[in-house]
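Here the sequence shown is numbered in our numbering, starting from 36 and rising by one per residue.
For glycine and all other residues, C-beta sits at the position ideal for the given N, C-alpha and C.
These numbers come from a predicted model, not from an experiment.
One structure is given here, and the rest of the page talks about it.
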Amino acid sequence: MIGLDYWGTMISMIIGGVVGFLIYYHFSKIIIVSTKHLTPLANVVVPYHMREHYNRFQHKLRLRRKNKKIFTKRNRRLVKMGKNYGMYTIIIFTPILISLILGAFLLRKYYGDRREAVPLMIVSIIIEGAILITGYWYIVEQ
């Protein structure tokens, strides 16, 4: 530890998590918009041989996808869960399992138009951070 007491650790970790999320959330918009504009530039800059190799790879991938069975029970279940619980799953698992950077990017890309996404993520970071810090302090103190 860096020599902070319980409340100092709690405040610094939660503020750091929230500020880091907000920075990466707004920075990911720049990345998403710029990648849309880099594709035409890549066609000019990338050598012809590499573009042809990539186009052949994409063609093989499309053929493989056409031959696949599209709707299985698992696919239907995943799509249904993604539509119903996708944003909440990202919000719950970001502070613990997914990094804040990846969670901010996914939230901006797929749920950037929903007004409740950012406040719910901030609440999730605060609650899960408080639980993790409290658990850590009880383990260390005993």
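By Cβ distance, which residues of its chain are closer than 8 Å to residue i, with the 5 residues on each side in sequence left out?
i	result
Ala-152	Met-122, Ile-126, Leu-142, Tyr-146
Leu-73	none
Quick check on residue i: does DSSP put it in helix, strand or coil?
i	result
Ile-175	Checking the sequence, you will find Val at residue 175 rather than Ile. If DSSP states are grouped into helix, strand and coil, Val-175 belongs with the helices.
Leu-39	coil
Val-80	helix
Leaving out five residues on either side along the sequence, give the residues of the same chain with a beta carbon under 6 Å from the beta carbon of residue i.
i	result
Ile-157	Val-53
Ala-139	Phe-56, Tyr-59, Tyr-60, Ser-63
Ile-136	Tyr-59
Leu-155	Ile-126
Using only CA atoms, which one of the options lies nearest to residue i?
i	options	result
Ile-160	Glu-176, Arg-112, Ile-50, Gly-38	Ile-50
Glu-163	Val-81, Ile-46, His-94, Lys-108	Ile-46
Could one say the Cβ of residue i lies closer than 8 Å to chain C's Cβ atoms, at least one of them?
i	result
Leu-167	Note that chain C does not occur in the displayed structure, where there is just one protein chain.
- Message: Could you tell me which whole alpha helix (DSSP H) segments of length 4 or greater appear in the region 84-166?
- Response: 108-128, 135-146
- the region 169-176 touching the region 81-90, judged by at least three CB pairs closer than 8 Å: no
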